[in-house]
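In what follows, a single structure is set out as structure tokens and then discussed.
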Amino acid sequence: MFNSIPLAVCAVDPLIGAISAGCAAVLKPSEISPTVSSILAKLIPKYLDTDAIRVIEGGVPITTAHLAQKWDKIFYTGTLLFHFLES
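The sequence shown lines up with residues 11 to 97 when you count with the working numbering.
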């Protein structure tokens with residue numbers, strides 16, 4: 011498995027774009043990669059502004075609850091193809 015790809019491409023790159031644009035961001039790492047999810051949940055709040063960037067962890071119920079909220083943009087990386095959704 012390509013263990014560095016979910017961390018570098020799927021999580022950090024879109025987050026860098028959001029930060030660069032001055033946007034707040036919520037990052038929800040995959041529950042299928044619990045080690046990567048745990049690392050992001052520990053390191054991002056330690057080094058980045060928690061008023062602007064949040065990491066949430068969990069499975070389908072957590073994802074479903076957050077998708078029900080009002081978002082301006084959603085960047086979904088759940089498949090080999092990335093998806094960008096606008097409300």
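Glycine included, C-beta positions come from ideal geometry on N, C-alpha and C. Owing to the predicted nature of the structure, the values given are computational and were not obtained by experimental measurement.
Residue(s) in a DSSP beta bridge with residue i
i	result
V36	R64
I72	None; I72 has no bridge partner.
Given residue i as reference, the closest of the options once Cα atoms are compared
i	options	result
L53	I66, F85, T74	I66
P71	S40, A28, A62	S40
D59	S48, A34, K83, I42	A34
Residue i classed as buried or exposed, judged by whether at least 16 other C-beta atoms fall within 10 angstroms
i	result
K38	buried
A78	exposed
F12	With a pLDDT of only 45 at F12, under the threshold of 50, the placement of this residue in the model should not be trusted; the figure read from the coordinates follows. The residue in question, F12, is exposed, as its Cβ has fewer than 16 Cβ neighbours within 10 Å.
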